[in-house]
Amino acid sequence: MEQILVYKDPAFDKEEKKYKWVQQELQNLVNGLKRIGITPTDENIKKLLKGESLVSEMAENMINAGFSQLPRKAKNYLANLFKEEQNEDYNKEVGKLAAKLAAFKASGTSTINFDYFHVDNGAVIISPEYIDDLKRMYCIYIDTDARLNVYTKWKNFEKAKNEFDEAVKKAPKKVPTQIEQIAGVDGQYLKAVATSGQFALSKILFDGELCLNGKNFEYIN
């Protein structure tokens, strides 16, 4: 059965924009990691979103790149020194943004599923399945026989109502008296269907019942 969309909650578009915002922020995070010599991977991003720091890895990478021939103890000593010195650069490029995203993720104020984000060759991509998630949460479809039956009746009702509107609109109307003009009951303004209290041939009552106002046929010739 082909699904027919009949309702989309405004929250759908808001959440979709949040996904795009998170994607851009994660891309900024990835770019920051690259600038400080850390390979951006899904695992590293997950660590950052858990509130973990990668400053030690940053220092180790710098030592391994520049002092690869030194003994391990010497490299560990230098790595500790570099870690203290590079904290400012780390926070500037990665730390502050990572903390912001980690706080957003932990806040529970959004339905964003971070598992849908992946790093591919330095680019943050979103798995297409995230749209299916949003559809399940925020969209209503005609996707069962019972819904299709009711929806078909609605379409028939809508068509009949439009034809009724057109018939009333085109029907010749009697010339209103001066009093009728003053009272606003000119047949030219006669509606086919309206809520109770309006000038119409039929009205919808508060309980949803459709009621014919036969008296107003006098305004049709």
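Everything in the sequence shown is counted per our numbering, starting at 86 for the first residue and increasing by one. Here a beta-carbon is modelled for each residue, glycine too, at the ideal position from N, C-alpha and C.
Nearest to residue i by CA position, among the options, is which residue?
i, options, result
"residue 269", "197, 136, 304 and 224", "304"
"residue 108", "265, 278, 253 and 198", "198"
"residue 222", "96, 87 and 86", "96"
"residue 306", "88, 235 and 261", "261"
"residue 182", "93, 234 and 115", "115"
"residue 98", "211, 127 and 216", "216"
"residue 184", "211, 204 and 130", "130"
"residue 257", "292, 302, 211 and 266", "302"
"residue 186", "212, 113, 283 and 231", "113"
"residue 246", "267, 295, 117 and 205", "295"
Determine the contact status of residue i and residue j, defining contact as a CB-CB distance below 8 Å.
i, j, result
"residue 179", "residue 111", "no"
"residue 90", "residue 226", "yes"
"residue 93", "residue 224", "yes"
"residue 233", "residue 86", "yes"
"residue 195", "residue 255", "no"
With a threshold of 16 other CB atoms inside 10 Å of the CB of residue i, please say whether the residue is buried or exposed.
i, result
"residue 100", "buried"
"residue 236", "exposed"
"residue 219", "buried"
"residue 293", "exposed"
I'd like the list of long-range same chain contacts for residue i, defined as Cβ closer than 7 Å, with 5 residues on each side in sequence excluded.
i, result
"residue 279", "285 and 288"
Apart from the five residues just before and just after residue i, which ones in its own chain have a Cβ nearer than 6 Å to its Cβ?
i, result
"residue 277", "249, 250, 253 and 286"
"residue 228", "88"
Who are the Cβ neighbours of residue i in its own chain at under 8 Å, not counting the five residues just before and after it?
i, result
"residue 119", "125 and 207"
State yes or no: is the beta carbon of residue i nearer than 8 Å to at least one beta carbon in chain D?
i, result
"residue 98", "As a matter of chain content, chain D is missing from the structure shown, which is built from one protein chain."
### Meets three-Cβ-pair contact criterion under 8 Å: the region 253 to 273 and the region 234 to 241
no
### Query
With a cut-off of 8 Å, do at least 3 Cβ pairs link the region 184 to 193 to the region 117 to 135?
yes
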